[in-house]
DNA sequence: ACAAAAGTGTTTCGGCTACACCCATGC
DNA sequence: GCATGGGTGTAGCCGAAACACTTTTGT
């Protein structure tokens, strides 16, 4: 054993995940009904305990794969929530992470088993404890990120149109974005690759599909949307 | 007792503080020699345990006031460091905070007692464990913050000249900044108040002192330095 | 006289904004 | 032919950057 040096009180440490998805033009968030006391049955973020031999990020990945069946999910640490009274069930220090998921890739059965449901972000219910604040912080972070680098790789299908990408941005920022300017800005980053195929579902004329190109040199951080 | 609900392994949780100061045109950082094993005598960040009934921020504030004698210090959470092997003395989850301090306001005796020393940021020694990475993250955060809102209120004396403020920015970004443009940009934010008094130490002509005005409406977030 | 910072002014340049405008096509 | 999105072009505006220039005063 290594635990020979430090003598001090210990804490329960948890992770809570704000899971963003995108479907039918809407930003969504995956929530579940709590399966134990306190606040059993209430809507909450997906969470889990941090184990003895894992990082907090690994714990969050474990929670996400337990619920969605997915590995290699985009995850970013938001912040620690540590008010001693934040959880009426006991003193729990929680690290919030946000994730981005392409909804159609999830394991629908698993999600159902966990009594989880995708909510449109603007219509999400009240959450337990400080989870509302966590969601707020995560959304802020998502906006900052989306404002400075192109998001969508983890939220959209492999191939998508510029319209779909713009609708995603409009959903994230909850404001309309000029179509022409958005197109020019996004394409100027040179991280999207035009495909031969066209999408004719959303328009008469048909729009070319694009995909993220995976050349690592192209991870450019430049302002996309001003906040 | 409230600890009746959850059964799960617990963790030691610590805070580590990256304490920035500014003195004689240099960005500085407060480090201390470790007073216990492992890595006793090596340079490290100031840290402490998170108690049973305090938030991580309160723990960081406690650590800071123990060492500098100061209350009400500017503190911002950086990130959680939780590699199970990050501390050879045991499994410790650590939350990193950065702080900004006006060095002359500290309790010099207390600092000495803690075997702590202000190091010029660019000449700091190797630190224990993952503390180097913590400092790096904190510095990144500081630059982002300074790039979007005017810092200095916590690092500079009550009254200061535009030159002193610019020197601070140059120290934070470690790059020269155009004097004329910086002056115009900073004053355009309208959060500095010109005083009647002049400083004649740094120039022949003498420069007016300024101070932060404390009207809460003036907390403007606008880009000051492009990163 | 000179140096060094204070303080102001000016020119240029690039990017963002707000549009206008043509294209393609299913109804 | 009309509505809808696709896609391109452009004039105007604004702020950043670069830098010239004048002021002040101790040495």
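Protein chains in written order, with our numbering: chain A, 1 to 227; chain B, 228 to 454.
Backbone N, C-alpha and C define an ideal beta-carbon position, used for all residues, glycine too.
Expected contact under 8 Å - CB spacing of residue i and residue j to nearest Å
| i | j | result |
| --- | --- | --- |
| residue 328 of chain B | residue 243 of chain B | With a Cβ gap of about 16 Å, residue 328 of chain B and residue 243 of chain B do not count as contacting. |
| residue 245 of chain B | residue 351 of chain B | Going by Cβ atoms, the distance from residue 245 of chain B to residue 351 of chain B rounds to 10 Å, so no, they are not a contact pair. |
| residue 210 of chain A | residue 184 of chain A | About 14 Å separates the two Cβ atoms, so there is no contact after all. |
| residue 396 of chain B | residue 365 of chain B | About 17 Å; that fails the 8 Å criterion. |
| residue 70 of chain A | residue 106 of chain A | 6 Å |
Cβ pair residue i, residue j closer than 8 Å
| i | j | result |
| --- | --- | --- |
| residue 55 of chain A | residue 321 of chain B | no |
| residue 235 of chain B | residue 12 of chain A | yes |
| residue 141 of chain A | residue 78 of chain A | yes |
| residue 400 of chain B | residue 326 of chain B | no |
| residue 404 of chain B | residue 371 of chain B | no |
| residue 57 of chain A | residue 237 of chain B | no |
Euclidean distance between Cα positions of residue i and residue j
| i | j | result |
| --- | --- | --- |
| residue 355 of chain B | residue 398 of chain B | 24 Å |
| residue 64 of chain A | residue 149 of chain A | 24 Å |
| residue 175 of chain A | residue 27 of chain A | 12 Å |
| residue 116 of chain A | residue 223 of chain A | 35 Å |
| residue 415 of chain B | residue 75 of chain A | 38 Å |
| residue 346 of chain B | residue 269 of chain B | 14 Å |
| residue 40 of chain A | residue 279 of chain B | 25 Å |
| residue 85 of chain A | residue 126 of chain A | 19 Å |
| residue 269 of chain A | residue 317 of chain B | Outside the displayed range of chain A (1 to 227) lies residue 269 of chain A, so it cannot be described from this structure. |
| residue 3 of chain A | residue 135 of chain A | Caution is warranted here: a pLDDT of 47 is assigned to residue 3 of chain A, below 50, making its placement in the model unreliable, and no coordinate value can be reported. |
| residue 337 of chain B | residue 330 of chain B | 13 Å |
| residue 73 of chain A | residue 157 of chain A | 14 Å |
| residue 289 of chain B | residue 386 of chain B | 28 Å |
| residue 335 of chain B | residue 151 of chain A | 48 Å |
| residue 202 of chain A | residue 121 of chain A | 23 Å |
| residue 252 of chain B | residue 133 of chain A | 39 Å |
| residue 423 of chain B | residue 441 of chain B | 17 Å |
| residue 66 of chain A | residue 319 of chain B | 25 Å |
| residue 112 of chain A | residue 409 of chain B | 56 Å |
Local Cβ density within 10 Å of residue i, reported as buried at 16 or more and exposed below that
| i | result |
| --- | --- |
| residue 186 of chain A | buried |
| residue 36 of chain A | exposed |
| residue 68 of chain A | buried |
| residue 204 of chain A | exposed |
| residue 543 of chain B | It is not possible to answer for residue 543 of chain B, since the shown part of chain B is limited to 228 through 454. |
| residue 274 of chain B | buried |
| residue 131 of chain A | buried |
Own chain, CB closer than 6 Å to residue i, minus 5 neighbours either side, in chain order
| i | result |
| --- | --- |
| residue 49 of chain A | 14 |
| residue 88 of chain A | 38 |
| residue 249 of chain B | 382, 395 |
| residue 32 of chain A | 46, 114, 115, 116 |
Cut-off 7 Å between Cβ atoms - residues of its own chain near residue i, not counting five sequence neighbours on either side
| i | result |
| --- | --- |
| residue 434 of chain B | 388, 389, 390, 425, 426 |
| residue 212 of chain A | 153, 191, 192 |
| residue 287 of chain B | 242, 244, 302, 324 |
Cut-off 8 Å between Cβ atoms - residues of its own chain near residue i, not counting five sequence neighbours on either side
| i | result |
| --- | --- |
| residue 1 of chain A | With a pLDDT of only 40 at residue 1 of chain A, under 50, the local geometry of the prediction cannot be trusted, and the value read off the model is given with reservation. Excluding sequence neighbours, residue 1 of chain A sits near nothing in its chain. |
| residue 34 of chain A | 40, 41, 42, 43, 44, 128 |
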